[in-house]
Amino acid sequence: SSVGTEGPRGGPVLTRFSAAAPPAFAEVMSIKLRELIRSIRACKTAAEERQVITRECASIRTAFKEDSREDSQYRHRNVAKLLFIHMLGYQTHFGQMECLKLISSNKFPEKRVGYLGLTQLLDENTEVLMLVTNSIKNDLLNANQYVNGLALCGLGNIANQEMCQALAGEVEKLLISTNPYIKKKAALCAMRMVVKVDELEDKFNGRVGGLLEDRNHSVVLCGCSLLTSILMTYPEYVPDFRRYISTLTRMLKSLISPGYSSAAEYDVSGITDP
């Protein structure tokens, strides 16, 4: 759309802007993350840096208030800038709800920024954290492996007891996935659940054997981490897991054997899968 304004000689001048965003809003949201980083690095004093960040935070607050649409094209850019500001030690709590909105988005780039914001701007004691449980559950059931991975990483980083109890079933199902990418992330997520909730170790004890016998080495390593976490938290299970000693010993022996079939894939400077 266009707006007519009077030119220097009285003639009309047409100014174009997007119908989806008023010109004032578009101007506020013109700065990108790399431009913000460049402007902050150009500051010569701490006071100048604070001034730049205060001004940018005010613009982001205004954007959050004025553009509350679910499909906002600027929300993920603003949250990305808040993440950088958070890294510098400034308060960014006003962006927490925007992270939850990004996680519920159907667009992967927005969802990815949302989960990154979830792990950085929130913690397990944040009151609004429980509002994201249903979105994480939907992502754990998603057909896209990368969406599953985002949900597992987010859950493995900040899940509280309530979230662990609500989503343990979905994580257990992903532990028996045929996809190594999902399987290894589910094992690491299960580590947090085992530590957070006393009664959940029974759900994952029976899955450790399958992880240790997997052909993918990343899955085996994550399975070993889960096994170690369970035994450190519940030493009484040590006798039950002694049956896996032969499996681990056989694996170690195959790693150092000269004819190891997968040596080329896992060789690092002459050391097989260090």
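Take 551 as the starting number for the sequence shown in my numbering and just add one per residue.
By construction, the Cβ of each residue, glycine as well, lies at the ideal position given by its N, Cα and C atoms.
None of the values given here were measured: they were computed from a predicted structure.
Pairwise C-alpha distance: residue j and residue i
{"i": "L724", "j": "C593", "result": "48 Å"}
{"i": "C649", "j": "S589", "result": "24 Å"}
{"i": "L668", "j": "S807", "result": "44 Å"}
{"i": "V788", "j": "S779", "result": "12 Å"}
{"i": "L826", "j": "K661", "result": "Because the chain is modelled from 551 through 824, residue 826 falls outside the range shown and cannot be assessed."}
{"i": "N684", "j": "L761", "result": "27 Å"}
{"i": "E598", "j": "L681", "result": "37 Å"}
{"i": "A737", "j": "G773", "result": "6 Å"}
{"i": "N766", "j": "R605", "result": "49 Å"}
{"i": "Q623", "j": "I581", "result": "13 Å"}
{"i": "Y794", "j": "K803", "result": "14 Å"}
{"i": "A693", "j": "Q601", "result": "45 Å"}
{"i": "I610", "j": "F634", "result": "13 Å"}
{"i": "A740", "j": "I726", "result": "12 Å"}
Residue burial classification, residue i (beta-carbon count within 10 angstroms, cutoff 16)
{"i": "D689", "result": "buried"}
{"i": "V721", "result": "buried"}
{"i": "S831", "result": "Limits of the chain in this structure are 551 at one end and 824 at the other, which puts residue 831 out of reach."}
{"i": "A718", "result": "buried"}
Residue from the options with nearest C-alpha to residue i
{"i": "F658", "options": "C607, C739, K753, H626", "result": "H626"}
{"i": "R584", "options": "K631, S807, I780", "result": "K631"}
{"i": "D790", "options": "C774, A693, E763, G756", "result": "G756"}
{"i": "A613", "options": "H636, G719, F644", "result": "F644"}
{"i": "N675", "options": "M637, N707, R611, V697", "result": "N707"}
{"i": "T783", "options": "E749, A709, L672", "result": "E749"}
{"i": "Q641", "options": "V770, Q715, C607, T728", "result": "C607"}
{"i": "V678", "options": "Q670, M647, V769", "result": "M647"}
Q) Does the stretch 727-739 come close enough to the stretch 691-702 to have 3 or more Cβ pairs within less than 8 Å? A) The stretch 727-739 vs the stretch 691-702: in contact.
**Q.** Whole alpha helix (DSSP H) elements within the stretch 627-704, 4-residue minimum
**A.** Listed in chain order, the complete alpha helix (DSSP H) runs (minimum 4 residues) inside the stretch 627-704 are 646-653, 658-671, 683-690.
Q: May I have a chain-ordered list of the alpha helix (DSSP H) segments no shorter than 4 residues that lie completely inside the stretch 728-796?
A: Annotation: the stretch 728-796 contains the following complete segments of the alpha helix (DSSP H) (minimum length 4 residues), in chain order: 730-746, 751-755, 758-762, 767-783, 788-791.
Q: Mind listing, in chain order, the continuous alpha helix (DSSP H) runs of no fewer than 4 residues lying wholly within the stretch 574-617?
A: Scanning the stretch 574-617 for uninterrupted alpha helix (DSSP H) segments of 4 residues or longer gives 583-591, 596-616, listed from N- to C-terminal end.
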